[in-house]
């Protein structure tokens, strides 16, 4: 897992306390509205997201940038860079 | 026998237009909105149209509406879901008013019992209003949220929610209001009220029992209280009650243009009823605020009698009212709401509440006014409490 500092995002998906697999479904929708090169921030308290989101990025041709090192009291912050239009 | 049904806060008939809209979704259009094939996706689209209609009724955005099974569930989700999502940042202190519905009071007590929350049950004045100054005094740095109902179904009083919200906003505390009694009765706009969460009940609008909704300001976090799948965007599990949702959407759509006219009509019937009761029956206390009250709500306490006996007597003549909230009256308990507004227990026993809706007619009010006074007089004639009171009034020795 790659750890990031000073992360900037163009959009945020707040999935904290929301049932699985919303941590995949909502980012899939939101990334459609981004331009290639833009970054989506995902906030989630679901441990499984740490595996699922990198795997989803690999499968759908997006770049999983990593997880924020910034303190987040109740959630993880993961970052995806949009690469591909067609496969998202 | 003539009939005058005036207990619409307890139950109300489904509007014919609502039933008509619902029927296809009980038969041919039965798909599950989570299914990916067309029978499901078209139902999903219908469901989102209903969300738009409910949102429009209260000035919200559709993504700020969660469908629930009832107003009680929406209150549970608002109070437990919001408190549990935020107590780690804010603290374990919760404020509710002393005259809330049981679903609010018992959600607060649940957090007190199982999660070590401290709950402040805020007192009200003799009209049932919460004083913004007292609310401000009750707030602490650990207060996670405040829940104060918009209108009381027991005494009819409508709170000045924007004033109370302003106090909480200054302190950065979230505000929930149970608006089951007001949405569909009077114009309600979440932006004008300034609330973060607001509870809606379907039956109050002429939708069937088994459907409600919670407004939550966009981006608020809630811990689901019904764990399951991705329904309601992962905030409330369970396959959606599509017929009920369609019913609520249609009821909201019908209510929107009717609100102003309905409120004027109901207030006219209410005032006729209240004036008639006060004119014809001595020793009656009119509960709740005289002006800032629900348009279709009339509530009284008749001294010297038991409300339950009066309800039975009236129902034998086709007149249906209640003695308070439906659940409290069945338990034969003195209403905590009446206690909170300073009504003495022996007087609170004689509580009678009429809640009207658009189907009620003036002739029904006259029917009630012709049968209520003799019923009260008859019950008082064999009441020892009443005889004692009369003896006291006359100055006779006890």
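Residue numbers (my numbering), protein chains in the order written: chain A, 1 to 88; chain B, 1001 to 1398.
From the three backbone atoms N, C-alpha and C, an ideal C-beta is built for every residue, glycine too.
Locate the alpha helix (DSSP H) running through residue i, then write down its first and last residues.
i                       : result
residue 1371 of chain B : 1362-1381
residue 1018 of chain B : 1016-1022
residue 1348 of chain B : 1345-1348
residue 949 of chain B  : Here chain B has residues from 1001 to 1398 only, and residue 949 of chain B is not among them.
residue 11 of chain A   : Not the alpha helix (DSSP H): residue 11 of chain A falls in the beta strand (DSSP E), residues 11-14.
residue 1220 of chain B : Per DSSP, residue 1220 of chain B belongs to no alpha helix (DSSP H) and is neither H nor E.
residue 1010 of chain B : Residue 1010 of chain B -> no alpha helix (DSSP H), and no H or E assigned at all.
residue 1338 of chain B : 1336-1340
So for residue i, helix, strand or coil by DSSP?
i                       : result
residue 1106 of chain B : helix
residue 1042 of chain B : helix
residue 1329 of chain B : With a pLDDT of 49 at residue 1329 of chain B, under the threshold of 50, the predicted position of this residue should be treated as unreliable, and no value is reported.
residue 68 of chain A   : strand
residue 43 of chain A   : strand
residue 1285 of chain B : strand
residue 1030 of chain B : coil
residue 53 of chain A   : helix
residue 1315 of chain B : helix
residue 1188 of chain B : coil
residue 1061 of chain B : coil
residue 19 of chain A   : coil
residue 1025 of chain B : helix
residue 1086 of chain B : helix
residue 1236 of chain B : coil
residue 1075 of chain B : helix
residue 1183 of chain B : strand
residue 1136 of chain B : helix
residue 33 of chain A   : helix
residue 1391 of chain B : helix
residue 1241 of chain B : coil
residue 1158 of chain B : strand
residue 85 of chain A   : coil
residue 1227 of chain B : coil
residue 77 of chain A   : strand
residue 1274 of chain B : helix
residue 63 of chain A   : strand
Return the bridge partner residues of residue i from the DSSP annotation.
i                       : result
residue 1147 of chain B : B:1096 and B:1176
residue 1199 of chain B : B:1178 and B:1214
residue 1119 of chain B : B:1094
residue 1293 of chain B : B:1157
residue 1418 of chain B : Nothing can be reported for residue 1418 of chain B: it is not among the residues displayed for chain B, which extend from 1001 to 1398.
residue 1068 of chain B : B:1212
residue 24 of chain A   : Its beta-bridge partners do not exist; DSSP assigns none.
Within the 7 Å Cβ cut-off, does residue i reach chain B?
i                     : result
residue 22 of chain A : yes
residue 10 of chain A : no
residue 16 of chain A : yes
residue 55 of chain A : no
residue 19 of chain A : yes
Would you please verify whether the beta carbon of residue i is less than 7 Å from any beta carbon of chain A?
i                       : result
residue 1207 of chain B : no
residue 1085 of chain B : yes
residue 1092 of chain B : no
residue 1307 of chain B : no
residue 1244 of chain B : no
residue 1223 of chain B : yes
residue 1065 of chain B : no
residue 1229 of chain B : yes
residue 1321 of chain B : no
residue 1149 of chain B : no
residue 1326 of chain B : Note that residue 1326 of chain B scores a pLDDT of 48, beneath 50, so its modelled location is shaky; the value from the coordinates is reported in the next line. So, not an interface residue.
residue 1329 of chain B : Any answer about residue 1329 of chain B is weak, because its pLDDT of 49 lies below 50 and its placement is not dependable; what the coordinates show is given next. Taking Cβ atoms only, chain A never reaches closer than 7 Å to residue 1329 of chain B, which makes this a no.
residue 973 of chain B  : Nothing about residue 973 of chain B can be read from this structure; chain B reaches only from 1001 to 1398.
residue 1114 of chain B : no
Starting from residue i, trace the beta strand (DSSP E) both ways and give me its first and last residue.
i                       : result
residue 1299 of chain B : 1297-1302
residue 1352 of chain B : 1351-1355
- Item | At least 3 beta-carbon pairs within less than 8 Å: the region 1050-1068 of chain B vs the region 1239-1255 of chain B | Output reads yes: the region 1239-1255 of chain B touches the region 1050-1068 of chain B.
- Decide yes or no for the touch test of the region 1116-1133 of chain B against the region 1093-1104 of chain B: beta carbon pairs closer than 8 Å, at least 3 of them. The region 1116-1133 of chain B, when compared against the region 1093-1104 of chain B, does touch it at the 8 Å Cβ threshold.
- Item | Three or more C-beta pairs below 8 Å linking the region 1007-1018 of chain B and the region 1201-1209 of chain B | Result yes; three or more Cβ-Cβ pairs closer than 8 Å.
- Query: Are the region 1143-1154 of chain B and the region 1180-1193 of chain B touching by the rule of at least three beta carbon pairs closer than 8 Å?
  - Reply: Segments in contact, yes.
- Task: Could you say if the region 1231-1243 of chain B and the region 19-27 of chain A meet the contact criterion of at least three C-beta pairs nearer than 8 Å?
- Result: Contact check between the region 1231-1243 of chain B and the region 19-27 of chain A: three or more CB pairs, one atom from each, fall below 8 Å, which counts as touching.
- Query: Is it a yes or a no for the region 1370-1385 of chain B touching the region 1290-1299 of chain B, going by three-plus beta-carbon pairs under 8 Å?
  - Reply: Output reads no: the region 1290-1299 of chain B does not touch the region 1370-1385 of chain B.
- Message: Does the contact criterion of 3 or more C-beta pairs under 8 Å hold for the region 1062-1073 of chain B versus the region 1207-1225 of chain B?
- Response: Taking one beta carbon from each stretch, the region 1062-1073 of chain B and the region 1207-1225 of chain B have 3 or more pairs nearer than 8 Å; the two touch.
- Query: With contact counted as at least three CB pairs below 8 Å, one residue from each stretch, are the region 1016-1030 of chain B and the region 65-74 of chain A in contact?
  - Reply: Contact between the region 1016-1030 of chain B and the region 65-74 of chain A is absent, because fewer than three Cβ pairs lie under 8 Å.
- Query: Okay, do the region 72-83 of chain A and the region 41-51 of chain A touch, 3+ Cβ pairs below 8 Å being the bar?
  - Reply: They touch, by the three-pair rule.
- Okay, do the region 1223-1230 of chain B and the region 1070-1087 of chain B touch, 3+ Cβ pairs below 8 Å being the bar? Contact between the region 1223-1230 of chain B and the region 1070-1087 of chain B is established, with three or more Cβ pairs separated by less than 8 Å.
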